[in-house]
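Contents: one structure, followed by commentary.
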Amino acid sequence: MCFAVYIGTNEKQTITTWKQDKTLLYFEELKDDEIVKTKFSKLFVYYVGADTCCSCGFAWEVENFDEPDEQDNKKSPQALIDFIATQTKKEDLEFYCCWEGDWNDPIKEKVELNISDVSLDKYYFMDEKRFVTFKKQT
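Sequential numbering of the sequence shown, starting at 0, is according to numbering that gives the first Met the number 0.
Quick look at the structure:
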């Protein structure tokens with residue numbers, strides 16, 4: 000089973016596809032997971048995939064930051080942080096992660112974060128069933 004990451008924005012994103020050894024982050028329109036939309040207040044909700052062809056590539060543990068064998072595993076999580084940082088210059092962004100198929104399960108925790116507080120070496124935000132609102136940068 001895989002992680003499923005979703006992002007909600009008021010700005011339409013470009014739908015892209017995964018390409019092996021080329022993709023770090025891609026957006027898909029919702030399919031079977033359409034029910035997850037009810038958790039969001041934004042106009043557009045997308046499934047977000049990583050370099051792994053699913054959302055599992057976004058999983059990251061800060062204690063692995065300096066591990067030589069983990070350096071390639073930083074790329075998709077950093078691409079996600081970079082996307083959120085760019086988007087939150089324009090608007091609040093909503094983020095949710097769950098296991099595939101757990102779309103109907105209730106949210107365990109709701110938090111507001113500033114993307115400037117997030118980094119791969121100090122604090123990474125992705126927890127299962129945690130709904131994060133990234134506040135617009137001021």
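Where is the CB? At the ideal position from N, CA and C, for every residue including glycine.
According to DSSP, is residue i helix, strand or coil?
| i | result |
| --- | --- |
| residue 35 | helix |
| residue 84 | helix |
Confirm, please, whether the CB-CB distance from residue j to residue i is below 8 Å.
| i | j | result |
| --- | --- | --- |
| residue 27 | residue 56 | no |
| residue 37 | residue 93 | no |
| residue 9 | residue 43 | yes |
| residue 112 | residue 130 | no |
| residue 101 | residue 61 | no |
What's the gap between the Cα of residue i and the Cα of residue j?
| i | j | result |
| --- | --- | --- |
| residue 103 | residue 35 | 7 Å |
| residue 2 | residue 46 | 11 Å |
| residue 15 | residue 30 | 15 Å |
Skipping 5 residues on each side, what residues in its chain have a beta carbon closer than 7 Å to that of residue i?
| i | result |
| --- | --- |
| residue 50 | 22, 23, 56, 74 and 75 |
| residue 110 | 129 and 131 |
| residue 12 | 26, 43 and 45 |
| residue 17 | 25, 48 and 52 |
So, for residue i: in the same chain, excluding its five sequence neighbours on each side, which residues have a beta-carbon less than 6 Å away from its beta-carbon?
| i | result |
| --- | --- |
| residue 53 | 1 |
| residue 63 | 69 |
| residue 4 | 47, 54, 57 and 96 |
request  = Starting from the N-terminal side, write out each stretch of the alpha helix (DSSP H) that is 4 residues or longer and does not extend beyond the segment 0-87.
outcome  = If you keep only unbroken alpha helix (DSSP H) runs of at least 4 residues inside the segment 0-87, you get 74-86.
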